[in-house]
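Colleague:
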Amino acid sequence: MFIKEVAASLYPWDLADQTAEVCVDNLVEHSNVNSVYLVGVMHEEKRPLTSLFYTLNPVRKYYLPENSRVYYHVDGEDFANTKMKPAFTEREFLKQKDWLDDLIRVARKRGLKVGVEVSHTFYDTAKAAGEQPELLQKDVHGNAIPMFFCSNNPDVREYMKALFLSSVKCHDVDFIQTCMMLFNEGKPVAQPWFLKEKDPQNRLGHLLGTLKGGCFCEHCGAKARKMGYDWDKIKADLTKLADTAEAVLHGNIGQVMEAHLLLGSNLTDAGFLLENPSLYQWLEFRMRCVTELFSDIYGAVKAVKPEVEFRYNNYLTYPEYAGLDFKAVRDYVDSVRDSDYSEQTGAKDDFRYKQNTLLKIRRGIGCEKPVLAAFACRPNATPELIRESLKIVSTLGIDGLSLGHYDGATFELLDAVKEGMKNAGMEVCTK
Ligand SMILES: [Zn+2]
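First residue of the sequence shown: 1182, per this note's numbering; consecutive thereafter.
#1: Return yes when at least one heavy atom of ligand 1 lies under 7 Å from the C-beta of Gly-1547, else no.
#2: Let me check understanding here. Comparing Cα to Cα, which of Leu-1316, Gly-1257, Glu-1202, Val-1240 lies closest to Leu-1284?
#3: If you check the beta carbons only, do Ser-1348 and Val-1255 fall under 8 Å apart?
#4: Near Ser-1520, what residues of its chain come up, given a Cβ to Cβ distance below 7 Å and the 5 sequence neighbours on each side ignored?
#5: Counting only C-beta atoms, is Asn-1262 closer than 8 Å to chain B at any point?
#6: Which residues share a DSSP beta bridge with Leu-1553?
#7: Check each residue's C-beta against every heavy atom of ligand 1 and list, in chain order, those closer than 6 Å.
#8: Which same chain residues, not among the five before or five after Pro-1193, have their C-beta less than 6 Å away from its C-beta?
#9: For my contact list, Glu-1549 and Asp-1515 are in at a C-beta cut-off of 8 Å; report their separation, rounded to the angstrom.
#10: For the stretch 1268 to 1305, list the beta strand (DSSP E) runs that are entirely contained and at least 3 residues long, ordered along the chain.
#11: Along the beta strand (DSSP E) that carries Tyr-1493, what are the first and last residues, could you check?
#12: For Glu-1298, count the other beta carbons within 10 Å of its own beta carbon; 16 or more makes it buried, fewer makes it exposed. Which is it?
#13: Short check: CB of Leu-1317 to CB of Ala-1325, under 8 Å?
#14: Report all residues from its chain with a CB closer than 7 Å to the CB of Asn-1383; omit the five preceding and five following residues, and keep chain order.
#15: How about the stretch 1207 to 1223 and the stretch 1592 to 1604: do they share at least three Cβ pairs that are nearer than 8 Å?
#16: Please determine if the stretch 1338 to 1352 and the stretch 1257 to 1265 are in contact, where contact requires at least 3 C-beta pairs separated by less than 8 Å.
#17: Run the CB neighbour count on Asn-1238, radius 10 Å, all protein chains shown included, and call it buried at 16 or more, exposed below.
#18: Does Pro-1487 pass the burial test, meaning 16 or more other C-beta atoms within 10 Å, or should it be called exposed?
#19: Going by DSSP, name the residue or residues bridged to Ile-1357.
#20: For Gly-1386, which of helix, strand or coil comes out of DSSP?
#21: For the alpha helix (DSSP H) containing Phe-1466, list its first residue and its last residue.
#22: Using DSSP bridges, identify the partner residues of Phe-1330.
#23: Less than 8 Å between the CB atoms is what I'm expecting for Gly-1581 and Ala-1188, so what's the real figure, rounded?
#24: Tell me the rounded alpha-carbon separation between Tyr-1461 and Leu-1392.
#25: Mark Met-1438 as exposed unless 16 or more other C-beta atoms lie within 10 angstroms of its C-beta, in which case mark it buried.
#26: Buried or exposed for Lys-1294, please, with buried defined as at least 16 other CB atoms from any protein chain shown within 10 angstroms of its CB.
#27: The alpha helix (DSSP H) spanning Ala-1605 covers which residue range?
#28: Can you tell me whether Arg-1559 is helix, strand or coil according to DSSP?
#29: So which of Lys-1377, Gly-1292, Arg-1291, Ser-1249 has the shortest CA-CA distance to Glu-1271?
#30: Nearest-angstrom Cα distance between Ile-1542 and Arg-1492?
#31: Where does Tyr-1218 sit, in a helix, a strand or coil, going by DSSP?
#32: Decide if Asp-1195 is buried, meaning its Cβ has at least 16 other Cβ atoms within 10 Å, or exposed.
#33: Using a Cβ-Cβ cutoff of less than 6 Å, which residues in the same chain neighbour Gly-1390 once the five nearest sequence positions on both sides are dropped?
#34: If I measure Cβ to Cβ from Arg-1544 and keep anything under 7 Å in the same chain, skipping five residues before and after, which residues do I get?
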């Protein structure tokens, strides 16, 4: 089969420590990579993520990034209409360069596709929690949800649009990718202790878990009312339901029997939604908000450079519980990357989750738009698992592959990409 793209991510500190030339040449040589992108706005997360120490980095053993810094130039004027302003690195070794332009220069010389990623959080989450909690989503009891910004807040919406627009406007990129966090999807409610065999999918528990998520802020309330929803009823109904969900999570003795009867039963998630139309309406409201957000960002990107691709990097098990409906956003994305990394946990389900998710995305966005299957090329993946994974995804009509991530890879695992593609009869054809 033919695919168009083999993509790989790089971080600014990878480029600073190894040089962009060495990183890119390793990826091209060992893994057939023809597309590279800078994780240009990165959240606070220890790197490498899934192993203690770096494998290919000659300068440091590990790295602790700052919170949601922008590692390239953006135009300050683009942020004039929001009180949120981008923050840049304060680390001396990273101050010296525009890391996106550095990667673009090297990629263009080699004829590669090049892009930039805005990762999970696009603004300093610690600063927001301490100084600007009004930017954050609120749970049903009015508590701020750390790390999750509410895109219905006009400042947040404007900042998001400005960040995407400015990134594209100021740099010669082919695509801008994001795995930005959407509505907080809460925490799945566990099945009760007395069930001997638990359902690994626990769909009702995931649905109930959303009641611990967001958002119930004043901006969401105003928007919902404007859309015609009875927000007061929704909020009152969901406050009661959230108490049932909390009974399981926190052992509220008053409602524990009711919660156990519910989760011990085989009522479907559809059955529960039929009983609770307010929950359905709230989930639908969130989905309409995320669709509008995608439309706004897509419009902002296309207004400055229509040829630049807007790519969503899906990391959600149940995107619908974060407000994302792939069918609804199909006109506002150009491609989707699915960031399943089953290889690093031994693919105990024989890649079933990966297959289901890729087909779910394909069903949503249609056959005209590219879907890229990600895979882990970092410990504890093995060359065998990578080869097996590529063989399976080669049967699923994918348009590209995407490595996750070079900063934890070994040459053995990078070589397995090339071998796996050959074994699976997968060739890169960009025509
Ligand atoms: Zn809100």
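By construction, the Cβ of each residue, glycine as well, lies at the ideal position given by its N, Cα and C atoms.
Modeller: A quick look at the data gives this:
#1: no
#2: Glu-1202
#3: yes
#4: Cys-1360, Asn-1494, Asn-1495, Tyr-1496, Ala-1555, Gly-1585
#5: Among the chains of the structure shown, chain B does not appear; only one protein chain is present.
#6: Arg-1518, Gly-1581
#7: Gln-1318, Cys-1331, Asn-1333, Cys-1396, Cys-1398, His-1400, Cys-1401
#8: Tyr-1252, Leu-1275, Trp-1280
#9: Contact doesn't hold; Cβ gap of about 10 Å is too wide.
#10: 1294 to 1299
#11: 1490 to 1495
#12: buried
#13: yes
#14: Pro-1369, Gln-1372
#15: yes
#16: yes
#17: buried
#18: exposed
#19: Val-1297, Phe-1491
#20: helix
#21: 1458 to 1485
#22: Leu-1317
#23: 6 Å
#24: 11 Å
#25: exposed
#26: buried
#27: Premise fails: Ala-1605 is in no alpha helix (DSSP H) and is neither H nor E.
#28: coil
#29: Ser-1249
#30: 13 Å
#31: strand
#32: buried
#33: Gly-1367, Lys-1368, Pro-1369, Val-1370
#34: none
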